[in-house]
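Read the structure below first, then the notes.
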Amino acid sequence: MPHRGQGWASTYLLDAFLQRPPHKRNIREWSNWASREQASDLQYSRNDKVLTDFVEWLEAYLDSEVFHNVAKEFLTSRET
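So the mapping is simple: this note's numbering equals the position in the sequence shown, first residue as 1, plus 459.
Listed below in structure tokens is the structure:
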């Protein structure tokens with residue numbers, strides 16, 4: 460059975476979208492978007508006016524305990 464986080468595209472995409480510094484974790488990625496360089500080509504960002512509500516929701520979710528627990532489990536499973 461695949462790990463529940465296995466379907467996630469890349470740990471770099473959220474940082475690129477939210478225009479945050481990229482993480483420096485040494486983890487395995489499972490996507491062709493698995494590098495900082497490719498994520499920097501993302502065409503959408505937090506500055507897109509039509510995405511304002513999504514950005515607010517996403518930032519609140521990323522700060523939530525639920526996300527922190529899932530992220531910890533995901534990152535632990537991807538450590539190299």
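Even glycine gets a Cβ: it sits at the ideal position worked out from N, Cα and C.
With C-beta atoms as the reference, is residue i less than 8 Å away from residue j?
i    : j    : result
Y503 : L510 : yes
L501 : L472 : yes
Does the Cβ of residue i have 16 or more other Cβ atoms within 10 Å, making it buried, or fewer, making it exposed?
i    : result
F476 : buried
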